[in-house]
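**Q** Below is the structure I would like to discuss, written out as structure tokens.
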Amino acid sequence: MTDPIRSIVRRFPGVPTREGAGVRLRRSFSNPEVPLFDPFLLLDRFGSSNPEDYLAGFPWHPHRGIETITYVLEGRVEHGDTLGNSGVIANGDVQWMNSGSGIVHQEMPKRYDGEFNGFQLWLNRPAREKMSTPAYRGLSHEEIPDVPTGAGGGVKVVAGSFRGIEGPVRGISVEPEYLDVRLAPDEALELPVPAGRTAFAHGIEGGGTFEGGDRAVVPAGETVLFGDGATVRARAGPAGQRFLLASGRPLHEPVAWYGPIVMNTPDELATAMLELRRGEFVKERRPVVEE
Ligand code: CO
Numbered sequence: 000m001t002d003p004i005r006s007i008v009r010r011f012p013g014v015p016t017r018e019g020a021g022v023r024l025r026r027s028f029s030n031p032e033v034p035l036f037d038p039f040l041l042l043d044r045f046g047s048s049n050p051e052d053y054l055a056g057f058p059w060h061p062h063r064g065i066e067t068i069t070y071v072l073e074g075r076v077e078h079g080d081t082l083g084n085s086g087v088i089a090n091g092d093v094q095w096m097n098s099g100s101g102i103v104h105q106e107m108p109k110r111y112d113g114e115f116n117g118f119q120l121w122l123n124r125p126a127r128e129k130m131s132t133p134a135y136r137g138l139s140h141e142e143i144p145d146v147p148t149g150a151g152g153g154v155k156v157v158a159g160s161f162r163g164i165e166g167p168v169r170g171i172s173v174e175p176e177y178l179d180v181r182l183a184p185d186e187a188l189e190l191p192v193p194a195g196r197t198a199f200a201h202g203i204e205g206g207g208t209f210e211g212g213d214r215a216v217v218p219a220g221e222t223v224l225f226g227d228g229a230t231v232r233a234r235a236g237p238a239g240q241r242f243l244l245a246s247g248r249p250l251h252e253p254v255a256w257y258g259p260i261v262m263n264t265p266d267e268l269a270t271a272m273l274e275l276r277r278g279e280f281v282k283e284r285r286p287v288v289e290e
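Residues 0 to 290 (numbering that gives the first Met the number 0) make up the sequence shown, in order.
Here it is as structure tokens:
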């Protein structure tokens, strides 16, 4: 029988990495961790008050076979893509993009007076949906419900639900849940995560513990992977805690990964590379228009 409370099975402090044109970030998990986080592939955390660390940005680059989820906690990111989307995502906005069969986009953080802070999470797509039509969802912070816990905290629901309130991102086959959880000092909260789903948390601010497992404090910047169970039980420390909680149904499919392209077989990767060289990568293209 599965223990109803999910315990921490592994901790990931994050590794300093340079990505894009030289953005300094902390990588929580990536290619070497496959398939531990299935259906999730990668989590990068941005966080710096020095513009030199982020202004180089992520100039035009391709994606295929995945969803990229960018959550800007603080700061401004200018973006554009081959589907014709362009604009700025800022303080509390989320960009949830299905690269599908192929998209080329850029993500350029702008100079910000304060700490540029946020995440990018990659979610895998099942084999039968790898070559689906690309789709872009831009969510303003106003579209993301913020559900009070009743004890001083709140849960912003991007995908999935909390206490019956559903997030705006729906209709994804692995049924991802993506919650931004804020707890008051010493507040405890139970978050149901159905058995069989992969679940992890990433500390955003403050610190707290999770019942089950080693119960050591999870500080800001650390990612913890939970074992199976029915619920995650969090307890904030004396300074309160904010963390990201994500979960989804694992795909149990082979992963063939090269840079921003994640497919199931080496042959599919080779095809993607060939198409990139021949200018045949993007299947759906629309001219860029300002939002
Ligand atoms: Co990208």
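Glycine is no exception: its CB is placed at the ideal position from the N, C-alpha and C atoms.
For Met-272, which beta-bridge partners are listed by DSSP?
**A** Here residue 272 refers to the residue found at position 273 of the sequence shown. In DSSP, Met-272 forms no bridge with anything.
**Q** Where does Ala-158 fall in DSSP's three states?
**A** As a first step, residue 158 is located in the sequence shown; it is residue number 159 there, counting from the start. Looking at Ala-158 - three-state DSSP - the assignment turns out to be strand.
**Q** For Trp-59, count neighbouring Cβ atoms within 10 angstroms of its own Cβ and tell me buried if that reaches 16, exposed if not.
**A** The residue you call residue 59 lines up with position 60 of the sequence shown. It counts as exposed.
**Q** Taking 7 Å as the cut-off, is the CB of Val-45 close to at least one heavy atom of the ligand CO?
**A** As a position in the sequence shown, residue 45 is number 46, starting the count at 1. It should be noted that the sequence gives Phe, not Val, for residue 45. No, Cβ of Phe-45 sits at least 7 Å from all heavy atoms of the ligand CO.
**Q** With a threshold of 7 Å, establish whether the CB of His-60 neighbours any heavy atom of the ligand CO.
**A** Position 61 of the sequence shown, counted from the start, is the residue given in the question as residue 60. Flag set: Cβ of His-60 near the ligand CO.
**Q** As a quick exercise: from Phe-115, Arg-124, Ser-100, pick the residue whose alpha carbon is nearest that of Met-130.
**A** For the purposes of this step, residue 130 is taken as the residue at position 131 of the sequence shown. Residue Ser-100 is the option with its Cα nearest to Met-130.
**Q** Are the Cβ atoms of Ala-245 and Glu-176 separated by less than 8 Å?
**A** Counting from 1 along the sequence shown, the entry for residue 245 is found at position 246. Counting from 1 along the sequence shown, the entry for residue 176 is found at position 177. Yes.
**Q** Beta carbon of Pro-133: closer than 7 Å to some heavy atom of the ligand CO?
**A** For the purposes of this step, residue 133 is taken as residue 134 along the sequence shown, with counting starting at 1. Because no heavy atom of the ligand CO lies under 7 Å away, the Cβ of Pro-133 does not count as near it: no.
**Q** Can you name, in chain order, every residue of its own chain whose Cβ lies under 6 Å from the Cβ of Gly-13, other than the five neighbours on each side?
**A** Position 14 of the sequence shown holds residue 13. Within the same chain, Gly-13 has close Cβ partners Arg-25, Ser-27, Gly-220.
**Q** Excluding five sequence neighbours on each side, which residues of the same chain lie with their C-beta closer than 7 Å to the C-beta of Gly-226?
**A** Numbered from 1 along the sequence shown, position 227 holds the residue referred to as residue 226. Closer than 7 Å at the Cβ level, and outside the excluded window around Gly-226, lie Arg-5, Ser-6, Val-8.
**Q** Taking C-alpha atoms, which residue in Glu-18, Asp-266, Ala-238 lies nearest to Met-119?
**A** Counting from one through the sequence shown, the residue named residue 119 turns up at place 120. Contrary to the premise, residue 119 reads as Gln rather than Met in this sequence. If we check each option's Cα against that of Gln-119, Glu-18 comes out closest.
**Q** Can you say whether Gly-64 is buried or exposed, counting buried as having 16 or more other CB atoms within 10 angstroms of its CB?
**A** As a first step, residue 64 is located in the sequence shown; it is residue number 65 there, counting from the start. It counts as buried.
**Q** Is Gly-151 near Glu-204, with beta carbons less than 8 Å apart?
**A** Numbered from 1 along the sequence shown, position 152 holds the residue referred to as residue 151. Numbered from 1 along the sequence shown, position 205 holds the residue referred to as residue 204. Result no, Cβ atoms of Gly-151 and Glu-204 do not sit closer than 8 Å.
**Q** Comparing C-alpha positions only, which one of Leu-273, Pro-259, Asp-80, Pro-265 sits nearest to Leu-295?
**A** In the structure as shown, the chain starts at 0 and stops at 290, and residue 295 therefore has no counterpart that could be examined.
**Q** Just list the beta strand (DSSP E) runs in the stretch 43–71, keeping only unbroken ones of 3 residues or longer that don't cross its boundaries, in chain order.
**A** Correct list: 57–62.
**Q** Report yes if the C-beta of Pro-12 is less than 7 Å from at least one heavy atom of the ligand SAM; otherwise report no.
**A** The ligand SAM is absent from the structure shown, which contains only the ligand CO.
**Q** Kindly list the residues whose CB is nearer than 6 Å to the CB of Val-33, restricted to its own chain and excluding five residues on each side of it in sequence; keep chain order.
**A** Along the sequence shown, one-based indexing puts residue 33 at 34. Same-chain partners within the cutoff: Val-254.
**Q** Under DSSP, the beta strand (DSSP E) around Phe-199 begins and ends at which residues?
**A** Indexing the sequence shown from 1 puts residue 199 at position 200. Segment 197–209, the beta strand (DSSP E) holding Phe-199.
**Q** Can at least three beta-carbon pairs, one atom from the stretch 154–174 and one from the stretch 103–117, be found at a separation below 8 Å?
**A** The stretch 154–174 vs the stretch 103–117: no contact.
**Q** Quick check for students: name the residue ranges of the beta strand (DSSP E) that lie wholly in the stretch 235–286, counting only runs of 3 or more.
**A** You should have 255–257, 260–262.
**Q** Going along the chain, which residues of its own chain have a beta-carbon closer than 6 Å to the beta-carbon of Val-154, five neighbours each way excluded?
**A** Counting from one through the sequence shown, the residue named residue 154 turns up at place 155. Excluding residues within five positions, the ones whose Cβ falls inside 6 Å are Val-146, Phe-161, Leu-178, Val-180.
**Q** What is the residue span of the beta strand (DSSP E) that Phe-118 lies within?
**A** The count along the sequence shown starts at 1 and reaches residue 118 at position 119. That run of the beta strand (DSSP E) goes 115–123.
**Q** Does the ligand CO have a heavy atom nearer than 7 Å to the CB of Pro-108?
**A** Against the sequence shown, residue 108 aligns to sequence position 109. No, Cβ of Pro-108 sits at least 7 Å from all heavy atoms of the ligand CO.
**Q** How far does the beta strand (DSSP E) with Pro-191 in it extend, from its first residue to its last?
**A** Walking along the sequence shown from the start, residue 191 turns up at place 192. Note, Pro-191: beta strand (DSSP E), 187–191.
**Q** Tell me the residue span of the beta strand (DSSP E) that contains Arg-181.
**A** Reading the sequence shown from its first residue, position 182 is the one you call residue 181. Per DSSP, Arg-181 belongs to the beta strand (DSSP E) from 176–182.
**Q** Determine the contact status of Gln-105 and Phe-57, defining contact as a CB-CB distance below 8 Å.
**A** To locate residue 105, count along the sequence shown from 1; it is residue 106. To locate residue 57, count along the sequence shown from 1; it is residue 58. Against a cut-off of 8 Å, the Cβ pair of Phe-57 and Gln-105 comes out as a contact.
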